[in-house]
Amino acid sequence: MLKKRDDFEDILEERRHSSDLRYALKCYTPVLYKGLSPCRASELKSMVLQSDQLQYVINQVSKEMGRTAEEVQAEASTILDEMAHRLQISTVRFFAFTLSKIFKTLFRSICVNEEGIQRLQQAIHEHPVILLPSHRSYMDFLLMSYVLYTYDLSVPVIAAGMDFMGMKIVGEMLRMSGAFFIRRSFGGDKLYWAVFSEYVQIMVKSGFAPVEFFLEGTRSRTAKSLTPKLGLLNIVIDPFLKGEVFDISLVPVSISYERVLEEALYARELLGVPKPKESTSGLFKARKVLSEDYGSIHIYFGQPVSVRALAEGKVNRCQFNLTPRHIPRKPGEEIQSFVNDLAYRLVRSQEENMVLTPWVLLAFLLLQNQAVGNERGMSLDELTEQAAWVRDLSRQFGAFLHWPESLCAGGGDKQDVLLFFCSPLESEMPHSAMTSEEELLNRAVIILSCASYRNQALHLFIRPALLAVAIQAASSNKKQEVYNSFSFLWNMFSNEFILCPGAAVQDFEEACYLLVKSGALQISQQEILVSGRGHRTLAFLANILDPFLEGYQVRKCKFPIEGAVELS
Amino acid sequence: MIFSNKRSRQILRHAKPAGGSSSPNCHHLFSWYMIFNLTELLLFHRQEIMKWNGWGYNDSKFIYNKNGQAEFTGKRYRLSGMIIPGLRDWMESTFGATVQHKTPATPVLNTSAVQPPTLNEAFVEGIKSTGIPFSHDPEDRVFRSHGHCLHEIFPLREGKVGRVPDMVVWPKCHNDVVKTVELACKHNVCLIPFGGGTSVSSALECPPEETRSIVSLDTSQMNRVLWIDEKNLTAHVEAGIIGQDLERLLNESGYCTGHEPDSMEFSSLGGWVATRASGMKKNIYGNIEDLVVHIKMVTPRGVIEKSCQGPRMSTGPDVHHFILGSEGTLGVVTEVTMKIRPVPEYQKYGSVVFPNFEQGVACLREVARQRCAPASIRLMDNEQFQFGHALKPQVSSIFTSFLDGLKKFYITKFKGFDPSRLCVATLLFEGDREKVLQHEKQVYDIAAKFGGLAAGEDNGQRGYMLTFVIAYLRDLGMDYFVIGESFETSVPWDRVLDICRNVKARIVQECKDRGVQFQPLSTCRVTQTYDAGACVYFYFAFNYRGLSDPLHVYAQVEHAAREEILANGGSLSHHHGVGKLRKEWMRETVSDVGLGMLKSVKDYVDPNNIFGNRNLL
Chain A
1 MLKKRDDFED ILEERRHSSD LRYALKCYTP VLYKGLSPCR ASELKSMVLQ SDQLQYVINQ
61 VSKEMGRTAE EVQAEASTIL DEMAHRLQIS TVRFFAFTLS KIFKTLFRSI CVNEEGIQRL
121 QQAIHEHPVI LLPSHRSYMD FLLMSYVLYT YDLSVPVIAA GMDFMGMKIV GEMLRMSGAF
181 FIRRSFGGDK LYWAVFSEYV QIMVKSGFAP VEFFLEGTRS RTAKSLTPKL GLLNIVIDPF
241 LKGEVFDISL VPVSISYERV LEEALYAREL LGVPKPKEST SGLFKARKVL SEDYGSIHIY
301 FGQPVSVRAL AEGKVNRCQF NLTPRHIPRK PGEEIQSFVN DLAYRLVRSQ EENMVLTPWV
361 LLAFLLLQNQ AVGNERGMSL DELTEQAAWV RDLSRQFGAF LHWPESLCAG GGDKQDVLLF
421 FCSPLESEMP HSAMTSEEEL LNRAVIILSC ASYRNQALHL FIRPALLAVA IQAASSNKKQ
481 EVYNSFSFLW NMFSNEFILC PGAAVQDFEE ACYLLVKSGA LQISQQEILV SGRGHRTLAF
541 LANILDPFLE GYQVRKCKFP IEGAVELS
Chain B
569 MIFSNKRSRQ ILRHAKPAGG SSSPNCHHLF SWYMIFNLTE LLLFHRQEIM KWNGWGYNDS
629 KFIYNKNGQA EFTGKRYRLS GMIIPGLRDW MESTFGATVQ HKTPATPVLN TSAVQPPTLN
689 EAFVEGIKST GIPFSHDPED RVFRSHGHCL HEIFPLREGK VGRVPDMVVW PKCHNDVVKT
749 VELACKHNVC LIPFGGGTSV SSALECPPEE TRSIVSLDTS QMNRVLWIDE KNLTAHVEAG
809 IIGQDLERLL NESGYCTGHE PDSMEFSSLG GWVATRASGM KKNIYGNIED LVVHIKMVTP
869 RGVIEKSCQG PRMSTGPDVH HFILGSEGTL GVVTEVTMKI RPVPEYQKYG SVVFPNFEQG
929 VACLREVARQ RCAPASIRLM DNEQFQFGHA LKPQVSSIFT SFLDGLKKFY ITKFKGFDPS
989 RLCVATLLFE GDREKVLQHE KQVYDIAAKF GGLAAGEDNG QRGYMLTFVI AYLRDLGMDY
1049 FVIGESFETS VPWDRVLDIC RNVKARIVQE CKDRGVQFQP LSTCRVTQTY DAGACVYFYF
1109 AFNYRGLSDP LHVYAQVEHA AREEILANGG SLSHHHGVGK LRKEWMRETV SDVGLGMLKS
1169 VKDYVDPNNI FGNRNLL
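Heads up: the sequence lines are chains A and B, in that order. When you line the first sequence up against my numbering, it's residues 1 to 568, in that order. When you line the second sequence up against my numbering, it's residues 569 to 1185, in that order.
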């Protein structure tokens, strides 16, 4: 279960010792896709406008709407102007300089797995690459481009929400550093969809630059991975399915923050305070964040995933043989389920390579303690003991822990633990001169922030936790019974957590395996038995799901078992 | 360039006797490379002049001579007796195949390795009483037990012989075939028709599960041109005739069929019909299905033929199309009436260099759109261009090599073509002199729009020569750990580039995944243009040093390549046929109902599976 993972290298280290200006002006010669026919960003536009795909839709729209083809073509051109990036290296260099300054103030370190970078470099040379970072913060895409520039790799073109475009100057600068802007919703707009998908596909096919987007579609406000959105993924793998490229590499990237910049904002948003509109002045006002410490960032470039290898035997590419490929078609069931599986798989690999800090594990303990109504908190000794216990458990579950040396030894350094769990909340400490309402709100913010930290490691415990609850709920310890209630929970939470569609049985088996391995369970052919020391583990795991079960209001009712699968 | 143009035109003029009817040896592609010898192929024992475990004539092969230089032996081809200085380097740099690592073939067939024949005595007696020649000599049987797939030739080189026919019969005419088929039906023996033996689809392989006596029906003695009808421009020919003989005999009367598949030195008319063959010059003359006017075939049910020679009929589905492509599963084609044309007055090669393959394909597409394709137009990719270059014979004068250098300089330096990307199209024009020149200009004008530069006749000619010697080259490769094969497909125009890229890449990837230690050669060319698509030909070869079971690896890679072709909208075959090699894909290719239709025809025509080669279905 324990995966071999790469080592990290801090890229800020060098920035602190050498000139940022020289760094920004360094010789930059990224490895290019071997099949690349070099073209400028502006040429991409005319390729899109003249493509068969778009021309077909333009004619269709003009017939349907009774407008001339020229009018529709002009509209398409306007859409494209609004959308397209204008990637240029000078802007990238400008960002390289300023971001160096900012990052050094904000973060202690930015750690990157260099082996991942090497794999990525190889992948970029071989095939068109799609970068799929996790999305927890606005920082994500800046960081990605920054890291790629640092390692002399092609800076990506990034699908960004329209919101950024509204920002004066900054929007345009983002555009010039490779962002292209898409509307949040364009449901029925055929023309928009055609321009958008063709634009993205031409970039993929030509290997212009790695295409980057966020599978989760938006920043996760809760640090829990969101269920993937499939639109863009569908678009980018289409050229492979239609045989227009030999293969496409999908590279999941896990960006773990010790503390996200938007921490407090997210909590407030969750409480109903509206999200501030993205604006340049807002950004300027937010400069106060510069005075704070946001700890370290870990960026893990995962193993590139070959679409070809995964599609083998799952998608019959002959289905495109009988109609011209430029005529848009809704993907068939086979492709839909392939893309869906693929998306979940990718989000899971993002999750697996998330680096977890001690504070994340402490958040579990503190929240559980708080939930049982323990107002006074817990003693430091107790917390330390429990922390070490959770650490060991999570290691057995294959966690990617970043546990500072000083915390490893025996009981751990109490002072360190204290520091660790205080620092992220410091800024939220209530001030004396507050109304009780404000105090309540602040308290809620703290709890929610804490929950966000806990959520970072949910993926680690979710399967065993589902099993723990299933064992509690099942009427007997028969394996089949337990599975039935597991399956009920699994289905219910399939939109809450990243549970790959149709993989209930595998997840059940994985949970069993982990809990047997950690000594909590003994499983025979027919029965599941909790071992003596397993009670603590199961209680801890079941507690994790408490808030969610409460949220779904299924605490009291008996799980209705339906459509349960016979375990083989 | 100018000089060579002029010279070859002069040669043509000299070679042509006054009065219009041209000498048989001057207009024809082969005339440049080889000397005919009709009587040789009339021999019953073809192994006396042809290799039993390799391609072509015994006397013609590539060897490394005493000086370590590659040389092509014999006297038959234009390349014969010439030194090819670049070949050895090319072999080394492309495959890592060095002279030190040799894998020579077994020189002579060890007849004791051949299973004794399972004879059906009653059938043998019957044949004896008809006076049709037959043999159960091991060498005769082994020669007719295979085509030229790698997995057929490779074991033979190692002296390994699998299931072979138990007996060979040589009917001399249609009636002999009728008698043979009747006897076969009566005594329940399995008949496998054998024409030229150039199959590359495992079509000639004896099914190992066959328990009956297997009789190879060799059509080579049915090789007469029975009549020529100058009013209708048709010729009636026995189906066993070999391509080069047919052309030569017709040429004597001033005619040709214009059907020139790459295998025409050895393949037979009956074979062409049975596999739906395609000729290089189909743009002028058509493919075999366009060329046949009337077919006579002997089946277990009797003889099938049409009652007249009307040029087109609306009489239900064309029964010819049950025969064309039946691959020997329904009967033996015995006589064919074919369209013939007067031998063209003038023939001219040409070539165009394109900066890259994409531009080249775009040009071919435009040529097809304007329906102005020359007799032949082929586009080689960069790897094949370099391969062609490596096959350049030693130049005779300093002047030529100086000119070559100048050409290269002009294209790569002056025109800025990247030598690792450029590709070349070879052209062959045919017809009236005036029209050819006009046509030539039209095609070169189109080419210019796609960045193409005319690159002279020599390059064109060499391109076509490559077609004929490449099969010999495979034998050289096999002497030095290199195995390879070619396969083809047809594909709509918009898919051509995609299929070329993907199939080539798939081959490279599969080789890597399966532990091939050396970079494989994976290359393609577009060999035919149609209104709605093109024929693409792939060559694939690798150095198998370090592999324990190279044939298995090879088969897996080829299988994957075919899967890739199908996934990219390519057809199962353009002209090689299905045989047994590609049978597994027939159902998805023609649908359940389609396969059922074919099966029901087989069931009606040959209920006892007398023609039991098990091809196609």
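In this text, a Cβ means the ideal position worked out from N, Cα and C, and glycines have one as well. Every value quoted in this text rests on a predicted model; they were computed, and no experiment measured them.
In this structure, DSSP gives F663/B a helical state, which the three-state scheme calls helix. According to DSSP, residue pairing for T994/B in a beta bridge involves S919/B, R946/B.
About 20 Å separates the beta carbons of T779/B and P761/B, which is beyond the 8 Å limit, so they are not a contact pair.
Around the C-beta of H298/A, 16 or more other C-beta atoms lie within 10 Å, and the residue is accordingly described as buried. Rounded to whole angstroms, the gap between the alpha carbons of E806/B and N1177/B is 25 Å. For chain B, the residues of the stretch 303 to 324 of chain A that bring a beta carbon within less than 9 Å of one of its beta carbons are R308, N316, R317, C318, F320, N321, L322, P324, in chain order. The three-state secondary structure of N1111/B, taken from DSSP, is strand. Note that the stretch 111 to 129 of chain A does not touch the stretch 263 to 280 of chain A; fewer than 3 beta-carbon pairs, one per stretch, sit closer than 8 Å. By a beta-carbon distance limit of 8 Å, C512/A contacts I523/A. Their separation comes to about 6 Å. The residue among D189/A, Q201/A, M144/A, C318/A with its C-alpha nearest the C-alpha of F95/A is M144/A.
Using a Cβ-Cβ cut-off of 7 Å, G332/A does not count as an interface residue toward chain B, since no Cβ of chain B sits closer than that to its own. Taking 8 Å as the upper bound for CB-CB distance, A1109/B and F663/B are in contact here, some 7 Å apart. Following the DSSP letters along the chain, one finds Y632/B inside the beta strand (DSSP E) bounded by residues 630 to 632.
For Q456/A, the number of other beta carbons within 10 angstroms of its own is at least 16, and it is reported as buried. The C-beta distance from T91/A to K168/A rounds to 16 Å, too long to fall under 8 Å, and the pair is not in contact.
Taking all protein chains shown into account, V147/A has 16 or more neighbouring C-beta atoms within 10 Å of its C-beta and is therefore buried. For R308/A, the secondary structure class from DSSP, reduced to helix, strand or coil, is helix.
In this model, V31/A and Q121/A are separated by some 7 Å (Cα to Cα). A contact between stretches requires three or more CB pairs, one per stretch, nearer than 8 Å, and the stretch 344 to 354 of chain A fails this requirement with the stretch 441 to 449 of chain A.
Where Q522/A is concerned, there is no enclosing alpha helix (DSSP H), although the beta strand (DSSP E) around it starts and stops at 521 to 523.
Taken through DSSP and simplified to helix, strand or coil, H719/B comes out as helix. The beta carbon of G1137/B falls within 7 Å of a beta carbon belonging to chain A, placing the residue at that interface.
Of Y33/A, E75/A, I89/A, D81/A, the smallest CA-CA separation from C27/A is found for I89/A. Looking at the backbone, the Cα of K754/B and that of L817/B are separated by about 37 Å. Here D797/B carries a strand assignment [DSSP, helix/strand/coil].
In this structure, the beta-carbon distance from L54/A to E244/A does not fall below 7 Å. In the three-state reduction of the DSSP assignment, R1150/B falls in the coil class. Taking the Cα of I1075/B as reference, the smallest distance to any Cα among C1092/B, E926/B, P942/B, A1016/B is reached at C1092/B. Note on geometry: alpha-carbon atoms of V170/A and G398/A lie some 41 Å from one another. Legend: CB atoms of the stretch 1125 to 1157 of chain B lying less than 8 Å from CB atoms of chain A belong to residues L1134, A1135, N1136, G1137, E1156.
CA-CA distance, K517/A to I462/A, rounds to 16 Å.
A straight line joining the alpha-carbon of N353/A with that of N340/A spans about 21 Å. Taken in chain order, the complete alpha helix (DSSP H) segments of 4 or more residues contained in the stretch 184 to 237 of chain A are 190 to 206. With fewer than 16 other Cβ atoms inside 10 Å of its own Cβ, S46/A counts as exposed.
Within chain B, the C-beta atoms nearer than 8 Å to that of G243/A come from R1063, D1066, I1067, N1070, A1135, N1136, G1137, in chain order. Bounds of the beta strand (DSSP E) holding G870/B are 870 to 872.
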